[in-house]
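Inspection log for the structure reproduced underneath, given as structure tokens.
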Amino acid sequence: MNRGDAWEALRAHDPEIADLILAEERRERDSIRLIPSENYVSYAVLAATGSVLTNKYSEGYAGKRYYEGQQVIDPLETLAIERAKSLFGAEHANVQPYSGSPANLAVYLAFLKPGDTVMGMSLPHGGHLSHGWNVSITGKFFRSVQYAVRADTGRIDYDQVRDIAKRERPKLIWAGGTAVPRIIDFEAFAEVAREVDAIFAADAAHIAGLIAGGVHPSPVPYADVVTTTTHKTLRGPRGAMFVSKEEHASVLDRAVFPGLQGGPHNHTTAAIAVALKEAAQPEFKEYARAVVANAKALADDLVGRDFELVSGGTDNHLLLVDLTNKNVTGKIAAKALDRAGIELNYNTVPFDPRKPFDPSGIRLGTPSVTSRGMGISEMVRIGEWIDQIVTSPNDEELGARIKHEIAELCRAFPAPGISVTD
Ligand code: DSN
0 MNRGDAWEAL RAHDPEIADL ILAEERRERD SIRLIPSENY VSYAVLAATG SVLTNKYSEG
60 YAGKRYYEGQ QVIDPLETLA IERAKSLFGA EHANVQPYSG SPANLAVYLA FLKPGDTVMG
120 MSLPHGGHLS HGWNVSITGK FFRSVQYAVR ADTGRIDYDQ VRDIAKRERP KLIWAGGTAV
180 PRIIDFEAFA EVAREVDAIF AADAAHIAGL IAGGVHPSPV PYADVVTTTT HKTLRGPRGA
240 MFVSKEEHAS VLDRAVFPGL QGGPHNHTTA AIAVALKEAA QPEFKEYARA VVANAKALAD
300 DLVGRDFELV SGGTDNHLLL VDLTNKNVTG KIAAKALDRA GIELNYNTVP FDPRKPFDPS
360 GIRLGTPSVT SRGMGISEMV RIGEWIDQIV TSPNDEELGA RIKHEIAELC RAFPAPGISV
420 TD
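In numbering that gives the first Met the number 0, the protein residues as written are 0 to 421.
This is the structure we're talking about:
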């Protein structure tokens with residue numbers, strides 16, 4: 000793909016930054032990217048992100064802005080909203096949140112007062128910081144109670160969810176997280192929320208693309224509001240949105256603007272709209288199906304190599320691996336894998352005796368490798384490489400050999416949005 004005049008201008012004006020962008024492009028091209036919250040966006044999403052829409056201020060909403068010159072932005076944001084509603088079958092959508100945490104903060108601002116009780120999944124058990132974890136503003140400005148997974152199954156303890164909710168009477172209940180490898184029973188959460196008269200918010204950031212692709216149950220029929228980032232399985236730009244019941248539209252919109260944010264990032268809104276259009280195409284369904292099939296294949300392969308997966312496997316795009324039986328920490332393994340060209344992140348596992356900055360596990364997933372067309376046989380090769388590196392993390396010769404093999408494999412699977420050829 001010809002990068003065009005804008006790229007040539009960047010090279011001429013700021014070669015240092017241009018070279019760093021090229022270096023990142025090569026890195027993304029030549030490595031196996033397994034961080035489950037990352038992906039490769041299309042050229043179309045990249046083009047919208049890098050457009051003149053970044054020049055425009057648009058505080059407010061379509062038809063009611065605080066700046067003139069919205070002849071283009073109003074229909075553009077409306078189109079993004081309509082596409083979001085249509086894709087997720089929702090009554091209302093807002094595409095302005097800057098990212099996932101601000102989208103979640105809008106839910107707090109809409110429904111809670113400082114000191115009110117929120118219930119979310121504990122971070123070390125797979126939840127997100129913004130679901131009431133103690134170091135987050137959501138755990139400092141609100142009273143937070145947290146649920147966990149069961150030690151015997153690694154899955155959400157729905158009895159505990161109900162018990163805590165009945166005892167603590169939260170005003171807001173979150174489902175969803177960052178390290179949840181299994182399907183969440185959104186209907187069960189909605190039932191608990193109804194019993195205690197709480198707002199039920201689902202954070203679908205990790206699984207939004209799987210929901211859009213029809214391979215994961217949707218929380219939309221059950222939740223008062225569903226937040227999501229747009230850059231994970233959904234494969235759009237870095238940004239966020241939420242969909243909700245119409246009855247909550249006004250209070251949620253006001254929480255985003257003027258409650259939390261100023262002008263929306265219009266270039267991101269355009270790129271979100273592009274991604275939502277892509278996600279409505281038949282090919283996206285095939286991608287979503289393949290993401291899950293690949294994750295299951297990689298999980299089966301790793302289990303066959305005596306890796307211990309939290310919950311024993313996966314239903315979605317994500318695997319959480321406890322390395323305790325491999326006698327290596329998550330951090331040592333993740334760094335050795337990165338040196339060899341396999342990128343993932345170290346992660347706490349439920350009931351982890353180790354600290355978050357040096358935990359027992361690694362977290363990995365299949366969205367990026369699936370976006371570049373890899374399938375089951377490539378997952379088996381990746382499983383073998385992971386096994387070899389985890390077994391011998393300090394073997395530099397092995398790492399160098401695997402890095403070479405990975406670069407070769409990557410050349411056979413060109414990644415979306417990558418232009419660099421040297
Ligand atoms: N940082 C995101 C993730 O990697 O899952 C969540 O915020």
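No residue lacks a Cβ here, since even glycine has one placed at the ideal position from N, Cα and C.
Counting other Cβ atoms within 10 Å of its Cβ, A399 stays below 16 and is therefore classed as exposed. Per DSSP, the beta bridge partners of E307 are D321.
For the 8 Å CB-CB criterion, S418 and R32 do not form a contact.
According to DSSP, residue pairing for T137 in a beta bridge does not occur.
In the three-state reduction of the DSSP assignment, L122 falls in the helix class. Environment of ligand 1, chain-ordered: S36, T177, taking every residue with Cβ within less than 5 Å of a heavy atom. Per DSSP, the beta bridge partners of L171 are V117, I198. When secondary structure is reduced to three states using DSSP, H316 falls in the coil class, being assigned neither helix nor strand. Here N93 is bridged, per DSSP, to F241.
Cα atoms of E194 and W173: separation of roughly 15 Å, rounded to the nearest angstrom.
With a cut-off of 8 Å on Cβ pairs, the stretch 256-265 is not in contact with the stretch 126-133, counting fewer than three such pairs. Per DSSP, the beta bridge partners of K63 are Y60. Taking a C-beta distance under 8 Å as the contact criterion, L301 and V273 do not qualify as a contact pair. Taking every protein chain shown into account, the CB of T369 has 16 or more other CB atoms within 10 angstroms, so this residue is buried. Contact between the stretch 244-255 and the stretch 320-331 is absent: fewer than three C-beta pairs spanning the two stretches fall below 8 Å. In terms of CA proximity to G49, L9 leads the group L108, A201, V379, L9. Nearest in C-alpha terms to A147, of all of L317, P392, S121, is S121. Here the C-alpha atom of L233 lies approximately 30 Å from the C-alpha atom of E7. In the three-state reduction of the DSSP assignment, V51 falls in the helix class, which pools H, G and I. Burial state of Y221 is buried, judged by a 10 Å Cβ sphere holding 16 or more other Cβ atoms.
Shown here for A43: same chain residues with a beta carbon closer than 8 Å to its own, the five before and five after excluded, namely V273, E277 in chain order.
Going by beta carbons, E58 and M118 fall outside the 8 Å limit.
Per DSSP, the continuous alpha helix (DSSP H) segment holding V368 begins and ends at 366-370. In the displayed model, T268 falls within a helix according to three-state DSSP. In the three-state reduction of the DSSP assignment, Y157 falls in the helix class. With a contact defined as Cβ atoms closer than 8 Å, A204 and G235 miss out at about 12 Å. N133 is classed as exposed because its beta carbon has fewer than 16 other beta carbons within 10 Å across all chains shown. According to the DSSP assignment, Q145 belongs to no alpha helix (DSSP H) but to the beta strand (DSSP E) extending over 142-146. Nearest Cα to T420 within the set E282, R25, A5: R25. Ranked by Cα distance from Q387, the options L336, G360, G62 are led by L336. As DSSP reads the structure, G360 sits in a beta bridge with D321, N346. Here DSSP, grouped into helix, strand and coil, assigns I385 to helix. A straight-line Cα-Cα distance of about 26 Å links D357 and I405. Secondary structure of I20 (DSSP, three-state): helix. Going by DSSP, V225 is part of the beta strand (DSSP E) stretching over 224-228.
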